[in-house]
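Undergrad: Chains as they are written, first to last, in this note's numbering: chain A, 1 to 619; chain B, 1 to 619.
Don't be surprised by glycine CBs; every beta carbon is placed ideally from N, CA and C.
Model, not experiment: these values are computed from the prediction.
2 protein chains.
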Amino acid sequence: MIDTANKENSLGIAETQIIKLTLPQEGFQLEKGGTLHEIDVAYESYGTINNGKDNVVLICHALTGDAHAAGSSANSEEPDGWWDDMIGPGKGIDTNIHQVICTNILGGCKGTTGPASVNPETGKAYGSSFPKITVADIVEVQRLLLQQLGITKLAALVGGSFGGMQILEWLIRHSEEVERAVIIASAASLTTQALAFDIVGRHAITSDPNWNNGDYYNSNQPIAGLSGARKIAHITYLSQQLMSAKFGREKQTEWMDADADFQQSLENKFGTYFQIESYLEYQGKKFIQRFDANSYLHITLAMDEYDTKERYGSLEKAFEKITSRLLIVSLSGDWLFTRQQSADMVKALVSTGKRVSYFHLEGEAGHDAFLTHIHDLKRIISAFLIQPEREKCTHVHHKIPNKEKLTRFKQILKMIPDNSRVLDLGCGKGSLLNMLRQHHNASGIGVEIEIEALIAALTKGCDVLLEDIDDGLKMIPDKTFDVAVLSETLQTIKRPRVLLQQILRVADKALISFPNFASIGVRTNLLFNGRMPKGKQIPFEWYNTPNIHLFTLADFLDLCEKEEINVESIICKGRGLIENALLALGFKNLGASAVIIHISKKEVAHSDTEHAEPQSNTF
Amino acid sequence: MIDTANKENSLGIAETQIIKLTLPQEGFQLEKGGTLHEIDVAYESYGTINNGKDNVVLICHALTGDAHAAGSSANSEEPDGWWDDMIGPGKGIDTNIHQVICTNILGGCKGTTGPASVNPETGKAYGSSFPKITVADIVEVQRLLLQQLGITKLAALVGGSFGGMQILEWLIRHSEEVERAVIIASAASLTTQALAFDIVGRHAITSDPNWNNGDYYNSNQPIAGLSGARKIAHITYLSQQLMSAKFGREKQTEWMDADADFQQSLENKFGTYFQIESYLEYQGKKFIQRFDANSYLHITLAMDEYDTKERYGSLEKAFEKITSRLLIVSLSGDWLFTRQQSADMVKALVSTGKRVSYFHLEGEAGHDAFLTHIHDLKRIISAFLIQPEREKCTHVHHKIPNKEKLTRFKQILKMIPDNSRVLDLGCGKGSLLNMLRQHHNASGIGVEIEIEALIAALTKGCDVLLEDIDDGLKMIPDKTFDVAVLSETLQTIKRPRVLLQQILRVADKALISFPNFASIGVRTNLLFNGRMPKGKQIPFEWYNTPNIHLFTLADFLDLCEKEEINVESIICKGRGLIENALLALGFKNLGASAVIIHISKKEVAHSDTEHAEPQSNTF
């Protein structure tokens, strides 16, 4: 059966091309002091470059990747590019819109100059004489290639794992040449544990007698060492859960059926029949056929030593000149590049006022999931990359929020000064952020826990962070925003008091809206029915309500008093005749079904702002 | 300065003794078919054996441990036993009460017969001719030693990691000889990931040319391979957090100050200056001095192949004959032996009606924390082990719960039939469980999230499980209990409806007590004060209350109706004259401040039990 749907969005044959870089006479100066006098770069490209030459997406590959990111290689009938699911017509990175380029990195062994290449000075493989390289060297070689192709401005950089580190260095050096950047499952430097695994992997290679200090190209290869290093690394690419689900403690039955001699030799080597053993063995074998031990040593060392923070003093300083818009994605099953490491980058970017969005994708597969489990990742990358196209189009209509919400949002917008930097907590699908940008010339970041809502917000062009507000706004640095908005959310929060403190830590002022549990409707409901109140405002049963901290306007004002929070103003809205009549009479706590309160931090010296209203009429 | 406090609870010099086992003429038959004709066992003992010879605690050591568990070895001034903090006078395992024995395991290299021992048949080291061993073999050798020492009944077995697996096998084979058992950071079989690390470690050894199929005792040792294996394993013993906190990305400054030649050689080998590299190097070097590569191969293989479930069909079947009381402990930072693996053992033990307690200890250190971070572990083990001593003493008085609680507990006890198996959810310090045992001849297990309360309950002799009830009673199998009690807890639960379903999944009947949010006091408070009600029953502020799902008696009965839950009876308690008067008039929902409801699962065919009261008077 021919899968035509698949054929339609396939790129067909894609072949790697090799280009010799035009280098200055003195050669290419490496960061650590070495020089290369010749550099070949292997690359592939998919899709068509536009007239402005500004629709190019550069893919930065991971540790042992190559230029063949998508399509089928000449000798393969099926697509065998390492990210073919992501790149192609109509895919996450859409070759109908973008020209996509992927290069093999410097130091590699798949066409770009590396330790196995011939040293033009000696006519022999570099081996031990190949100079040490850094991430910056890798980036500058990519840039030289682009320049040679006449590309001086990138629509986007996209990459995962070690590719993300290259992107980070790209942005730090040449952000003005990059419109957008997507960094997936990566970090500004490795964790100690990840370093440790790499170190043991390198030891396995360098303690293999065949390694011979790197000069092994005319003799036996250090395959035992390289295979060992790969096995260790491979364990770190999968999550514990995936490994258990995939292999468990299952036995390899073919081996058990094999002849006695083979079994004996397996057992003499303390081999087991576990499937995981044969799987690792297979991964090791496959790897030694396609990769060079010296490349592995050089590239892992470049990765291990990459440390943005150490290099520039702090992430904030490193990111200072970034102008590109960023999308950062971490994966829940990934223990090699952790959520915390992504969050650290996001925090530094928010702190320096950059445009950044962040998604943490659930999924148990592990680090490799950015290659293998990309359903949501595709949608997010597509939403992020296609936006500029969409923004050019004036006919895009987003769903308008319901009337009640719209009224509330309009009221909130009135209270936000022009050009403010706004944090919208529980931003949902980004309606408020979108209205804000259109009407106020203000910039904002939204925080939301619900991923589908957040993808909708990203599609609108909003900058959004996937985070549980209950976790304490960990990605938001102190005093980063002019105004924080918390709309109909406080009652669902586990520790509302802590959240209020956090809000006034990160923003000067806050606008809080909530349902008032003391409105006359609610009170009489409990009095006369003896059941917990329900209704339009509180449409849940007691046992499944997200509203876990019910409170009244009076309760809230009591807390402000206690916490030394200024109440700048209170806007009340009643529902129906009686409540509105009570409001008209000044009985806010009785009359208001819904409330918006403008609060700010009490300064030690009293400010000249409008003060809290007296709280006597909060019956 | 001499630390006398330390001296007082030190064991002083402890020397390893070696004893030759008296074997039958045909030798010791190993499970996998081999035979050993001579077995030496190295062991140490601390404290004095009593006249009944029933106060002995056997310590089962982990993978690379030895018999020197506590005290100072002859050539050391300081205590250097591997678990000296745990074992000694007044310590977690108290040598004033118990005689503690620790043996080096079969296959080891610290005095007990192993691959480096001399094969009596050849007069040379076993090497490649050492037969394959299993956990069962290790256990039977320990037992032979005890028998030879005249010990036929153990007060307890205690061990962590691989030691825990030995204990599990002990219990499956000889539970009648073991009073109690403590299994820490262990499992009934390794995870696939842990297997994978061991496999790569063994490959490192067997691919070292010096290994020579195990016959290396008269030539170069496979130190590169053994060191590599140890480095990999060592990474798995620490948590990612601890490694980051301890080493981060810090550099080893001495090396950087070293002479140029040394630096050059370091760099040629792709070594880094990271502290973690020198730490791993150090761990590898230390290990090759104290351990034998063949022992490492044999013991890790025995560990990897240990699989209680596979051996006996299921954990439940394996545990069928266990009569010992168990304490199982897992550690939060431990990713080598996970919480889930401990929970699986607990579940199977609860399912088969065994006496088991379970603690999950917070702490970021990782697997090795059972050796290095033992503050809470000590207290728990001590509480568990000293109980029999305490039970003999009639003068132990436990703190009596307050009057209100006591009244409630007495009411609940009245509703529990004699000889019931009871699950007390949110058991606190175990007062109800204790009363139950004393007055009802019933057995019970408590579940509680607060560790200090749970240690108090353990001290009273209760069987208790540390678990968040909100997580869905995952450790409790279906239909394991006659009655479940949930006392003043439902309103603090995130998903009360799900919990009710879970409760009736694991128990036939349940007694639920809760504060009624519809009592007249509460209603009038909200009506007249406009603030969320507070008082004796609800003593919290709205923003810090654990009571996140407030509900009324009527609400609860509505839910029972919806969920097809039988309401067998309702006990109401009012507070003050008005409420009690209302109760007398039959107005339960108005009059009851507190309620105990007896519920059961509605059977498809209606049972003959007392049916729910009509709900008309629940105003």
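Distance, Cα to Cα, residue 98 of chain B vs residue 65 of chain B?
TA: Rounded to whole angstroms, residue 98 of chain B to residue 65 of chain B spans 21 Å at the Cα level.
Undergrad: Determine the direct distance from the alpha carbon of residue 33 of chain A to that of residue 208 of chain A, and round the result to whole angstroms.
TA: Approximately 28 Å between the Cα atoms of the pair.
Undergrad: Tell me the start and end of each unbroken alpha helix (DSSP H) in the stretch 282-328 of chain B that is at least 4 residues and wholly inside, in chain order.
TA: Segments of the alpha helix (DSSP H) lying fully in the stretch 282-328 of chain B: 293-305, 308-312 and 315-319.
Undergrad: Quick check on residue 392 of chain A - is its C-beta less than 7 Å from some C-beta in chain B?
TA: Any reading at residue 392 of chain A needs caution, since the residue's pLDDT is 48, under 50, leaving its predicted position unreliable; the model's value is listed next. No, its Cβ sits nowhere closer than 7 Å to a Cβ of chain B.
Undergrad: Using CA atoms only, rank isn't needed, just tell me which of B/333, B/409, B/109 and B/48 is closest to residue 372 of chain B.
TA: Ranking the options by Cα distance to residue 372 of chain B, first place goes to B/333.
Undergrad: According to DSSP, what are the bridge partners of residue 360 of chain B?
TA: DSSP, once it has assigned bridges, lists B/330 as partnering residue 360 of chain B.
Undergrad: Between which two residues does the beta strand (DSSP E) carrying residue 513 of chain A extend?
TA: Looking at the DSSP string, the run of the beta strand (DSSP E) that includes residue 513 of chain A is 507-515.
Undergrad: With 16 other CB atoms within 10 Å as the buried threshold, where does residue 51 of chain B fall?
TA: By the 10 Å Cβ count, residue 51 of chain B comes out exposed.
Undergrad: Any beta carbon of chain A sitting closer than 7 Å to that of residue 396 of chain B?
TA: Caution applies to residue 396 of chain B, whose pLDDT of 49 falls short of 50 and renders its modelled position unreliable; the value that the coordinates give is listed next. Not closer than 7 Å to any Cβ of chain A, the Cβ of residue 396 of chain B fails to qualify, so no.
Undergrad: Which residues does DSSP pair with residue 443 of chain A in a beta bridge?
TA: Paired residue(s): A/421.
Undergrad: What residues from the stretch 307-322 of chain A come within 9 Å of chain B, judged by C-beta to C-beta, listed N to C?
TA: Correct list: 307, 309 and 310.
Undergrad: Using the beta-carbon count (16 or more within 10 Å), is residue 10 of chain A buried or exposed?
TA: Buried, by the Cβ-count rule.
Undergrad: Listed in chain order, which residues of the stretch 206-232 of chain A have Cβ atoms closer than 7 Å to some Cβ of chain B?
TA: Correct list: 206, 207, 209, 213, 224, 228, 231 and 232.
Undergrad: Pick from A/48, A/120 and A/115: whose alpha carbon is nearest that of residue 89 of chain A?
TA: That would be A/48, whose Cα lies nearest to the Cα of residue 89 of chain A.
Undergrad: Which class does residue 428 of chain B belong to by DSSP, given the choice of helix, strand or coil?
TA: Three-state result, residue 428 of chain B: coil.
Undergrad: Ends of the alpha helix (DSSP H) at residue 553 of chain B?
TA: Where residue 553 of chain B is concerned, the enclosing alpha helix (DSSP H) stretches over 553-563.
Undergrad: Select from A/44, A/380 and A/246 the residue whose C-alpha is nearest the C-alpha of residue 17 of chain A.
TA: When only C-alpha atoms are compared, the closest one is A/44.
Undergrad: Is there a Cβ from chain B that is less than 7 Å from the Cβ of residue 587 of chain A?
TA: With 7 Å as the cut-off, residue 587 of chain A does not count as an interface residue toward chain B.
Undergrad: Name, going along the chain, the residues of the stretch 178-205 of chain B whose beta-carbon falls closer than 7 Å to a beta-carbon of chain A.
TA: So the list reads 189, 191, 192, 193, 195, 196, 197, 199, 200, 202, 203 and 204, given in the order they occur along the chain.
Undergrad: Beta-carbon of residue 373 of chain B versus every beta-carbon of chain A: anything under 7 Å?
TA: It does not: the Cβ of residue 373 of chain B has no partner Cβ on chain A nearer than 7 Å.
Undergrad: Once you ignore the five residues that flank residue 395 of chain A on each side, which residues in its own chain have a CB closer than 7 Å to its CB?
TA: Note that residue 395 of chain A has pLDDT 47, beneath the 50 cutoff, so the model's placement of it is unreliable and no number is given.
Undergrad: Looking at chain D, which residues of the stretch 538-550 of chain B have a Cβ within less than 8 Å of any of its Cβ atoms?
TA: This model lacks chain D altogether, as its protein chains are A and B.
Undergrad: Under 8 Å between beta-carbons, which chain A residues line up against residue 566 of chain B? List them in chain order, please.
TA: Residues of chain A passing the Cβ test: none, with the nearest at roughly 18 Å.
Undergrad: Determine the direct distance from the alpha carbon of residue 427 of chain A to that of residue 477 of chain A, and round the result to whole angstroms.
TA: The alpha-carbon atoms of residue 477 of chain A and residue 427 of chain A are separated by roughly 18 Å.
Undergrad: So the candidates are B/439, B/432, B/582 and B/309; which of them puts its Cα closest to the Cα of residue 454 of chain B?
TA: Checked all of B/439, B/432, B/582 and B/309; the closest Cα to residue 454 of chain B is B/432.
Undergrad: Got a sec, what are the start and stop residues for the beta strand (DSSP E) residue 103 of chain B sits in?
TA: First-last of the beta strand (DSSP E) with residue 103 of chain B: 99-103.
Undergrad: If you follow the beta strand (DSSP E) that residue 600 of chain A is part of, which residue opens it and which one closes it?
TA: First-last of the beta strand (DSSP E) with residue 600 of chain A: 594-601.
Undergrad: How long is the line joining the alpha carbons of residue 508 of chain B and residue 412 of chain B, rounded to whole angstroms?
TA: Between residue 508 of chain B and residue 412 of chain B, the C-alpha separation is close to 16 Å.
Undergrad: Helix, strand or coil, according to DSSP, for residue 45 of chain B in the structure here?
TA: If DSSP states are grouped into helix, strand and coil, residue 45 of chain B belongs with the strands.
Undergrad: Can you tell me which of the three DSSP states residue 159 of chain B falls into?
TA: Three-state DSSP puts residue 159 of chain B in a strand.
Undergrad: Please report the residue range of the alpha helix (DSSP H) in which residue 405 of chain A lies.
TA: Element bounds for residue 405 of chain A: 403-414.
Undergrad: Is it the case that the stretch 56-65 of chain A contacts the stretch 99-119 of chain A, given that we only count it when at least three CB pairs across the two stretches are under 8 Å?
TA: Judged by Cβ distances under 8 Å, the stretch 99-119 of chain A makes contact with the stretch 56-65 of chain A, as three or more pairs qualify.
Undergrad: What's the gap between the Cα of residue 595 of chain A and the Cα of residue 327 of chain A?
TA: Roughly 35 Å separates the two Cα atoms.
Undergrad: Would you mind sorting residue 1 of chain B into buried or exposed? The rule is 16 or more other CB atoms within 10 Å of its CB.
TA: Low confidence applies to residue 1 of chain B: its pLDDT is 33, below 50, so where it sits in the model is not reliable, and the reading given next is rough at best. Looking at its Cβ environment, which holds fewer than 16 other Cβ atoms inside 10 Å, residue 1 of chain B is exposed.
Undergrad: Is it buried or exposed, residue 222 of chain A, if we count other Cβ atoms within 10 angstroms and call 16 or more buried?
TA: Under this definition residue 222 of chain A is a buried residue.
Undergrad: Does residue 147 of chain B come out as helix, strand or coil in the three-state DSSP assignment?
TA: Three-state result, residue 147 of chain B: helix.
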